[in-house]
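Below: one structure, written as structure tokens.
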């Protein structure tokens, strides 16, 4: 990595299992995780804008990685021109192939948005899983978004073109039904895996926790008929009120939103279980391991819960990148290091100070 935030040029060999980065707050640990996330998805988990990622005084940031299977991924992000993304030396028009080659989950402070944020964060979580296990999903999702954009443009027009609207409605319904069906099928597979993971981490709330899927229009109703019924409302707002773009996942404890019941530590356990379950299902479905970025693992967790989360992550056989301020925080007084079960050759430790990463 070069030209990324406060990091001095980074060139490191990492472990395929556990990588620990420790150092003071502001030293650059999170920036390293951000660079890996950017390479996999094209997005930062810290900022909606990408220009702030480029080191002050530099024109571009460059990130390169060679995976254990030999795949090479490179990204150049410039202030002045469009990004350049390459996979095996071939320029990529989008992140689809890279995202499939480098599936990634992050557990950090932003993960709480799954509970306390709006539906968009939960749709993104759901669609990440469907994208990776149902390869036809992306086409249906893109079709639905294209139809939605055209329908909304017609709704905003001073004079409604009804023949055009009816044509886009037909296409929107076809794509939306596909998106909904694949989301529902994925959740049917995901929920048993999640329940098992959550039981390992938090046994007391398993039976009372409910995950309810809201597809974006009434169960049992035909979307085409619903679009006709709500046309005047859609016209008033200039946007489509029903459809998969309004879908949500409701996380409830005894019919109450989980975020209103659980402590901050319990919330972190719940979002960790959601992320871990997605990685486990990906592994069971395709034999592909998910890479995990865990920023400030000790935060909000007492030693016992910290150990449960960490041991469950290690059971995935995934590659882990973990940050903490002090290595001592990754220890249990009674059981020693959280990663004592691993062979020492599987662990790589790095110290981060003033943007420099050393072993």
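In the UniProt record's numbering, the protein residues as written are 1 to 359.
Glycine included, every Cβ here is placed at the ideal spot set by N, Cα and C.
The segment 300–318 makes contact with the segment 196–213; the number of CB pairs closer than 8 Å reaches 3 or more. The way I'd put it, the segment 228–240 doesn't touch the segment 265–276; fewer than three beta-carbon pairs between them come closer than 8 Å.
8 Å or more divides the Cβ of residue 29 from the Cβ of residue 53.
Residue 77 has 61 as its beta-bridge partners, per DSSP.
Under the three-state reduction of DSSP output, residue 39 falls in the helix class. With at least 16 other beta carbons inside 10 angstroms of its own, residue 313 counts as buried. If the five residues before and after residue 16 are omitted, its C-beta is found closer than 6 Å to the C-beta atoms of 68, 319, all from its own chain and listed in chain order. As a beta-bridge residue in DSSP terms, residue 351 pairs with 22, 358.
If you compare the alpha carbons of 11, 129, 211 with that of residue 256, the shortest gap goes to 211.
For residue 131 and residue 157, the gap between their C-alpha atoms comes out near 34 Å. Under the criterion of beta carbons closer than 8 Å, residue 351 and residue 35 do not qualify as touching, at roughly 18 Å.
Distance from the CA atom of residue 89 to the CA atom of residue 11, rounded to whole angstroms, is 19 Å. Residues of the same chain with a CB within less than 8 Å of the CB of residue 294, apart from the 5 flanking positions on each side, are 106, 107, 108, 313, 320, 321, 322, 323 in chain order.
By the CB criterion at 8 Å, residue 271 and residue 85 fall outside the cutoff. Secondary structure at residue 54: strand, using DSSP grouped into helix, strand and coil. If you look at residue 46, you'll find it isn't in any beta strand (DSSP E); DSSP assigns it neither H nor E. Closest in C-alpha terms to residue 147, from the list 287, 173, 123, comes 173.
The beta carbon of residue 119 sits closer than 6 Å to those of 248, all from its chain and outside the five residues before and after it, given in chain order.
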